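In the numbering used here, the protein residues as written are 1 to 304.
Okay, structure first, notes after.
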Amino acid sequence: MSSTPPCTLCGGTSATLLFPGNIGEDIGSRFSQYAYYDDIFRCDSCGLVVQRRRHDLDVIAALLKAEKYLDEAIGTLNLIEKHVQFEALIRLIEKHRGLSGVRLLDVGANTGVFLKTVKDRVGTARGVEPSREAAAQARSQGLDVQAGLLANAVLDDQAFDVITLFDVIEHLTDPGADLATLFRKLAPGGAIFISTHDIGSLLARLSGPHYPMLMYQHFYHFTPRTLSALLEKTGFRVLGYDRFLKSWSVEYLYNLIAKKWPDSGLARRFEALLSPLLRVPAIRRARITSPQRDFFLLAAEKPR
């Protein structure tokens with residue numbers, strides 16, 4: 001694994017190059033775009049998939065802090081999409097752990113959609129979010145969200161009964177260290193819930209280098225097996241995982257294309273096809289569901 005550091009999960013130093021990178025030096029505009037990424041490797045020992053990170057942590061942290069969510073149509077639509085998804089995730093969480101009265105921490109809280117959705121069902125709800133804009137928007141709604149990276153957050157040890165990370169673990173530059181931090185913040189018997197995409201899914205295997213979840217800000221790509229192993233290495237006891245379907249409105253997908261695949265011929269053809277349909281409100285609001293359960297929610301607990 002000459003181009004990557006030792007494996008986060010097993011410490012292995014040999015890896016296979018899955019997909020050569022294509023992002024070049026323009027990470028400022030391509031940080032969150034689909035189809036732009038650096039070299040992606042799979043550990044030969046444990047199978048963990050990791051992207052080479054050519055930029056230092058200060059550069060990555062600055063890009064995360066500068067992420068925008070509210071200055072365009074896609075930002076507003078994204079909030080609606082998140083609310084729909086979070087209701088489904090709450091039902092999965094409650095299969096493992098009741099939420100009534102718990103002290104909850106949401107890592108990667110974004111603009112606070114999940115905290116707003118769940119705050120009346122829990123005892124206390126707090127969040128951490130690297131994007132300054134998103135954290136400020138959450139606080140403007142009366143939510144307790146710290147701006148900054150998890151490593152710098154002011155959080156007491158054993159202060160939470162439930163910790164959530166929704167579509168966050170893949171963004172972490174050192175998920176092992178961050179999970180160790182969260183292990184300390186969780187009370188004995190407390191539970192952690194992590195959602196992410198499955199790099200071993202049929203869609204990922206068929207898409208290869210064109211898999212939509214391959215982007216520069218996704219530094220790690222897990223399967224239920226590799227994420228379970230990382231949690232167990234940190235001291236958690238894995239309770240299980242549930243696969244779930246994601247769905248998106250036609251209007252959201254239309255706006256997503258221009259943002260995530262700019263200057264793409266395929267994107268322009270797709271936009272031309274959808275544009276006249278968006279004039280019909282019923283079609284604009286119609287939801288398209290993923291053809292397979294490409295995402296999973298993994299549950300684990302801190303032993304008493």
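All C-beta atoms, glycine included, are put in the ideal place defined by N, C-alpha and C.
Note that the structure is a prediction, hence the values are computed from the model and not measured.
Check your understanding: At a cut of 8 Å, does the region 95-108 reach the region 119-137 through at least three beta carbon pairs?
Key -> Counting C-beta pairs closer than 8 Å gives three or more between the region 95-108 and the region 119-137, which meets the contact rule.
Review point. Near His83, what residues of its chain come up, given a Cβ to Cβ distance below 7 Å and the 5 sequence neighbours on each side ignored?
Key: Counted from its first residue, the sequence shown places residue 83 at position 83. Closer than 7 Å at the Cβ level, and outside the excluded window around His83, lie Val113, Thr117.
Review point. Can you name, in chain order, every residue of its own chain whose Cβ lies under 6 Å from the Cβ of Leu63, other than the five neighbours on each side?
Key: Counting from one through the sequence shown, the residue named residue 63 turns up at place 63. Hits under 6 Å: Phe31.
Review point. Should Val145 be labelled buried (16 or more other beta-carbon atoms within 10 Å of its own) or exposed?
Key: Indexing the sequence shown from 1 puts residue 145 at position 145. Around the beta carbon of Val145, 16 or more other beta carbons sit within 10 angstroms, so the residue counts as buried.
Review point. What are the start and end residues of each continuous alpha helix (DSSP H) run of 4 or more residues lying completely inside the region 121-187, in chain order?
Key: Contiguous alpha helix (DSSP H) elements confined to the region 121-187 occur at 132-140, 175-185, taking only those with 4 or more residues.
Check your understanding: Under the three-state reduction of DSSP, which class applies to Ile23: helix, strand or coil?
Key -> Mapped onto the sequence shown, residue 23 falls at position 23. Assignment of Ile23 by DSSP, reduced to helix, strand and coil, places it in the coil class.
Check your understanding: Which term fits His210, buried or exposed, when burial requires 16 or more other beta carbons within 10 angstroms of its beta carbon?
Key -> In the sequence shown, counting from the first residue as 1, residue 210 sits at position 210. Per the 10 Å Cβ criterion, exposed.
Exercise for review: Classify Glu301 as buried or exposed, calling it buried when 16 or more other Cβ atoms lie within 10 Å of its own Cβ.
Suggested key: Taking the first residue of the sequence shown as position 1, residue 301 is located at position 301. Flag for Glu301 reads buried.
Review point. Nearest CA to the CA of Asp120: which residue from Thr173, Leu143, Ala187?
Key: Counting from one through the sequence shown, the residue named residue 120 turns up at place 120. Closest by C-alpha distance to Asp120, out of Thr173, Leu143, Ala187, is Leu143.
Exercise for review: Sort out for me which residues DSSP pairs Cys43 with in a bridge.
Suggested key: Working through the sequence shown from its first residue, we reach residue 43 at position 43. According to DSSP, Cys43 bridges with Ala15.
Review point. Going along the chain, which residues of its own chain have a beta-carbon closer than 6 Å to the beta-carbon of Arg243, five neighbours each way excluded?
Key: Position 243 of the sequence shown holds residue 243. Arg293, Phe296, listed in sequence order.
**Study point:** Three-state secondary structure (DSSP) of Arg269
**Key:** Indexing the sequence shown from 1 puts residue 269 at position 269. In the structure shown, the three-state DSSP call for Arg269 is helix.
Check your understanding: Just reading off the alpha helix (DSSP H) that Arg103 is part of, what are its end residues?
Key -> Your numbering for residue 103 matches position 103 in the sequence shown. Not the alpha helix (DSSP H): Arg103 falls in the beta strand (DSSP E), residues 103-107.
Point to revise | Span of the beta strand (DSSP E), counted from its first residue to its last, around Arg237 | key: As a working note, residue 237 is residue 237 in the sequence shown. Going by DSSP, Arg237 is part of the beta strand (DSSP E) stretching over 237-244.
Exercise for review: Determine the extent of the beta strand (DSSP E) in which Val345 is found, giving its start and end residues.
Suggested key: The shown model of the chain, from 1 to 304, leaves out residue 345, and the question about it has no answer.
Check your understanding: By DSSP, does Gly98 sit in helix, in strand, or in coil?
Key -> Translated into the one-based positions of the sequence shown, residue 98 becomes position 98. Note: Gly98 maps to coil in three-state DSSP.
Practice item. Tell whether a beta-carbon distance below 8 Å holds between Ile194 and Leu150. Key: As a first step, residue 194 is located in the sequence shown; it is residue number 194 there, counting from the start. As a first step, residue 150 is located in the sequence shown; it is residue number 150 there, counting from the start. Their beta carbons are not under 8 Å apart, which means Ile194 does not touch Leu150 by this criterion.
Check your understanding: Looking at Asp39 and Gly21, is the spacing between their C-beta atoms short of 8 Å?
Key -> By 1-based counting over the sequence shown, the position of residue 21 is 21. By 1-based counting over the sequence shown, the position of residue 39 is 39. With contacts defined by Cβ atoms closer than 8 Å, Gly21 and Asp39 form a contacting pair.
Check your understanding: Grouping DSSP H, G and I as helix and E and B as strand, with all else coil, what is Ile74?
Key -> Taking the first residue of the sequence shown as 1, we reach residue 74 at position 74. With a pLDDT of 46 at Ile74, under the threshold of 50, the modelled position of this residue cannot be trusted; read the value that follows with caution. In the three-state reduction of the DSSP assignment, Ile74 falls in the helix class.
Review point. Roughly how many angstroms separate the alpha carbons of Leu309 and Glu271, rounded to a whole number?
Key: Residue 309 falls outside the range modelled here, since the chain spans only 1 to 304, and no answer is possible.
Check your understanding: Any idea what DSSP makes of Ala66, helix, strand or coil?
Key -> One-based indexing of the sequence shown puts residue 66 at position 66. In this structure, Ala66 counts as coil in the three-state DSSP scheme.
Point to revise | Rounded distance between the beta-carbons of Asp161 and Ala187, thought under 8 Å | key: As a first step, residue 187 must be located in the sequence shown, where it is residue number 187. As a first step, residue 161 must be located in the sequence shown, where it is residue number 161. Their Cβ separation, rounded to whole angstroms, is 6 Å, which keeps Ala187 and Asp161 in contact under 8 Å.
Review point. Out of Glu133, Gly190, Leu231, Tyr36, which has the shortest C-alpha to C-alpha gap to Arg98?
Key: The count along the sequence shown starts at 1 and reaches residue 98 at position 98. Reading off the sequence, residue 98 comes out as Gly, not Arg. Looking at the Cα atoms, Gly190 is the closest of the given residues.
Check your understanding: Would you report the Cα separation of Lys233 and Leu48, rounded to the nearest angstrom?
Key -> Here residue 233 refers to the residue found at position 233 of the sequence shown. Here residue 48 refers to the residue found at position 48 of the sequence shown. Answer to the nearest angstrom: the Cα atoms are 14 Å apart.
Practice item. Pull up the distance between the alpha-carbon of Tyr241 and that of Gln141, whole angstroms please. Key: Walking along the sequence shown from the start, residue 241 turns up at place 241. Walking along the sequence shown from the start, residue 141 turns up at place 141. Rounded to the nearest whole angstrom, the CA to CA distance from Tyr241 to Gln141 is 32 Å.
Practice item. Tell me, please, which residues DSSP counts as bridged to Ser195. Key: As a first step, residue 195 must be located in the sequence shown, where it is residue number 195. Per DSSP, the beta bridge partners of Ser195 are Phe166, Leu297.
Practice item. Quick one: measure Cβ to Cβ for Gly235 and Phe183, integer angstroms, because I've assumed they're closer than 8 Å. Key: Counting from 1 along the sequence shown, the entry for residue 235 is found at position 235. Counting from 1 along the sequence shown, the entry for residue 183 is found at position 183. Beta-carbon to beta-carbon, Gly235 and Phe183 are separated by about 5 Å, close enough to satisfy the 8 Å threshold.
Point to revise | Status (buried if at least 16 other CB within 10 Å, exposed otherwise) for Ser29 | key: Within the sequence shown, the letter at position 29 stands for residue 29. Exposed is the call here.
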